[in-house]
Amino acid sequence: MAPEEVLLEVCDYIGCDRSELHIIGGYDLNVYEAAIVGRSPVIIKLYEHGIHNTAHIQSEVEWVQYLHEYGIPVAAPLSLRGQLVHSLPTHFFTIYEKILGQRIQIHDEQVWNERLFKDWGAALAQMHAASEAYDGSPLVRPHWKEHALYQQEHHQLDPTVRSKWEQYCKWLSEQTVTPAEYGIVHGDLHQGNLLIKQNTPVIIDFGDSEYHWYAYDVAIAIYHAVSTVQAPEERRNFAERFHDAMMEGYASHRSTRLITPRLNDFIDFRHVFSYVYHHTYADFSKLTDQQVLFMQNMKQSIIQQDHFLGFALA
Numbered sequence: 036m037a038p039e040e041v042l043l044e045v046c047d048y049i050g051c052d053r054s055e056l057h058i059i060g061g062y063d064l065n066v067y068e069a070a071i072v073g074r075s076p077v078i079i080k081l082y083e084h085g086i087h088n089t090a091h092i093q094s095e096v097e098w099v100q101y102l103h104e105y106g107i108p109v110a111a112p113l114s115l116r117g118q119l120v121h122s123l124p125t126h127f128f129t130i131y132e133k134i135l136g137q138r139i140q141i142h143d144e145q146v147w148n149e150r151l152f153k154d155w156g157a158a159l160a161q162m163h164a165a166s167e168a169y170d171g172s173p174l175v176r177p178h179w180k181e182h183a184l185y186q187q188e189h190h191q192l193d194p195t196v197r198s199k200w201e202q203y204c205k206w207l208s209e210q211t212v213t214p215a216e217y218g219i220v221h222g223d224l225h226q227g228n229l230l231i232k233q234n235t236p237v238i239i240d241f242g243d244s245e246y247h248w249y250a251y252d253v254a255i256a257i258y259h260a261v262s263t264v265q266a267p268e269e270r271r272n273f274a275e276r277f278h279d280a281m282m283e284g285y286a287s288h289r290s291t292r293l294i295t296p297r298l299n300d301f302i303d304f305r306h307v308f309s310y311v312y313h314h315t316y317a318d319f320s321k322l323t324d325q326q327v328l329f330m331q332n333m334k335q336s337i338i339q340q341d342h343f344l345g346f347a348l349a
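Counted the way this note's numbering counts, the sequence shown spans residues 36 to 349.
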């Protein structure tokens, strides 16, 4: 969470009382909700100079703005004083509309069902089509291999986990790259980054958007959805049901021909990536016992299993 004096600077800049600025989350605890006079509630994402790159965040906002103009249901960035990125002495921030939508509850069958899964797939396909069609000025979105995670040696990892991580990095570097299969992806479109507004999923949080394979974007959704089911037989049934519905939705807007061949490999890669990411960046002194156990279980599953699902999706 940012220092109090910085939060006061934000309030002064946007014109809201300090009591109207509330932290709501973010991996780095940098996401706030604010009430600006004359506007609906907004979301503030706050970054520190020297830690976050202004050009990188500027390109993220410009990318979301492009998707919004393309017709993709996203939380649109908001301009203030003619700017999308706002600078303070030690920090800078962006402003997004607050989506007055419903968080997805996986136990609510009125929401967590085939209709959502199809719409989710359709939204991914529409984003990927928008990415492929983009012909504006070059955006400073990073390519996957520029992520700091790929620049480290990871000597602290278990040797088996590290070996699998290195194998996947090599595999990624060998994949073909064409505009039809590789472009700017969301990079983290799990159920927590969707809000339901008037029966339509709205996409939020493009902080991990980067150049990657479109198949990976689909694999991320499948991986995180399937991770909500633990019992092996139930997991397989759900995975097949989710996959079929998602791919049907995707195919309604874009061909799945270049998605399907790599899908299972990308699901397995996502499992390893998630563990390595959290192992590298999480503050283990602040994790709950349940979170520590979750990390231990992830590690063991990577060591003991070659495939996250234990079976291949068709």
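Glycine residues also receive a C-beta, built at the ideal position from the N, C-alpha and C atoms.
Just tell me which of the options has its CA closest to the CA of residue i.
| i | options | result |
| --- | --- | --- |
| Trp98 | Ile49, Ala165 and His126 | Ala165 |
| His225 | Trp206, Tyr258 and Arg116 | Tyr258 |
| Lys80 | Arg276, Gly50, Phe127 and Gln202 | Phe127 |
| Ile239 | Gly136, Tyr48, Ala90 and Gln93 | Gly136 |
| Val109 | Asn228, Val72 and Ala266 | Asn228 |
| Glu68 | Gln118, His306, Met333 and Lys133 | Lys133 |
| Val212 | Tyr246, Asp223, Glu181 and Arg292 | Tyr246 |
| Glu268 | Asn88, Tyr131, Gly345 and Thr129 | Gly345 |
| Tyr217 | Gly85, Val253, Glu104 and Thr195 | Val253 |
| Asp170 | Arg74, Asp341 and Tyr105 | Tyr105 |
| Arg197 | Glu44, Gln335, Ile139 and Ser114 | Gln335 |
| Arg116 | Tyr48, Val66 and His87 | Tyr48 |
| His278 | Tyr312, Asp223 and Asp154 | Asp154 |
| Gly222 | Met162, Leu56 and His190 | Met162 |
| Lys205 | Asp300, Ile337, Val45 and Met333 | Asp300 |
| His313 | Pro296, Met333, Thr295 and Gln118 | Met333 |
| Ile294 | Gly85, Lys180, Pro173 and Gln210 | Gln210 |
Taking the Cβ atom as the reference point for each residue, do residue i and residue j lie within a distance shorter than 9 Å?
| i | j | result |
| --- | --- | --- |
| Ala274 | Leu348 | yes |
| Arg53 | Leu64 | no |
| Ala260 | Phe343 | no |
| Tyr249 | Val220 | yes |
| Ile78 | Ile59 | yes |
| Asp243 | Asp303 | no |
| Arg305 | Ala160 | no |
| Leu156 | Tyr285 | Correcting the residue type first, residue 156 is Gly in the shown sequence and not Leu. Against a cut-off of 9 Å, the Cβ pair of Tyr285 and Gly156 comes out as a contact. |
| Ala28 | Glu83 | The chain is shown from 36 up to 349; residue 28 falls before or after that span and cannot be answered. |
| Glu149 | Arg270 | no |
| Thr315 | Gln187 | yes |
| Tyr203 | Val96 | no |
Let's see if you can read the secondary structure: which residues bound the beta strand (DSSP E) around residue i?
| i | result |
| --- | --- |
| Val307 | Val307 -> not in any beta strand (DSSP E); alpha helix (DSSP H) instead, spanning Leu298 to Tyr316. |
| Tyr67 | Val66 to Ala69 |
| Ile294 | Premise fails: Ile294 is in no beta strand (DSSP E) and is neither H nor E. |
| Ile219 | Tyr217 to Val220 |
Would you list the residues sitting across from residue i in a DSSP beta bridge?
| i | result |
| --- | --- |
| Ser289 | Going by the sequence as given, residue 289 is Arg instead of Ser. In DSSP, Arg289 forms no bridge with anything. |
| Trp206 | None; Trp206 has no bridge partner. |
| Leu229 | Ile238 |
| Thr129 | Lys80 and Val120 |
| Arg138 | Leu230 |
| Leu115 | Gln118 |
| Tyr62 | Paired residue(s): none; Tyr62 is not in a bridge. |
| His351 | Within the shown structure, residues of the chain are numbered from 36 to 349, placing residue 351 beyond reach of any answer. |
| Tyr48 | BP columns for Tyr48 are empty, so no partner. |
| Tyr185 | Paired residue(s): none; Tyr185 is not in a bridge. |
Could you check the C-alpha separation between residue i and residue j for me, to the nearest Å?
| i | j | result |
| --- | --- | --- |
| Trp200 | Tyr101 | 34 Å |
| Ala215 | Leu230 | 28 Å |
| Asp193 | Gly50 | 50 Å |
| Tyr310 | His178 | 20 Å |
| Gln325 | Glu167 | 41 Å |
| Met281 | Trp147 | 12 Å |
| Leu322 | Ser262 | 20 Å |
| His121 | Thr129 | 6 Å |
| His182 | Pro112 | 24 Å |
| Gln145 | Ser287 | 23 Å |
| Arg74 | Ser208 | 46 Å |
| Val327 | Asp143 | 27 Å |
| Phe241 | Pro124 | 25 Å |
| Ile141 | Asn272 | 16 Å |
| Met330 | Thr195 | 15 Å |
| His91 | Arg176 | 7 Å |
| Ser94 | Asn88 | 10 Å |
| His57 | Pro76 | 11 Å |
| Glu55 | Gly61 | 18 Å |
| Cys46 | Ile107 | 30 Å |
| Pro296 | Ile338 | 24 Å |
| Phe319 | Val66 | 21 Å |
| Glu283 | Arg138 | 23 Å |
Shorter than 8 Å, the distance from the beta carbon of residue i to the closest heavy atom of the ligand MN, or not?
| i | result |
| --- | --- |
| Asp243 | Although the ligand MN was asked about, the structure shown includes no ligands whatsoever. |
Start and end of the alpha helix (DSSP H) containing residue i?
| i | result |
| --- | --- |
| Ala250 | Tyr249 to Val261 |
| Val99 | Thr89 to Tyr105 |
| Gly156 | Glu149 to Ala168 |
| Val327 | Asp324 to Gln339 |
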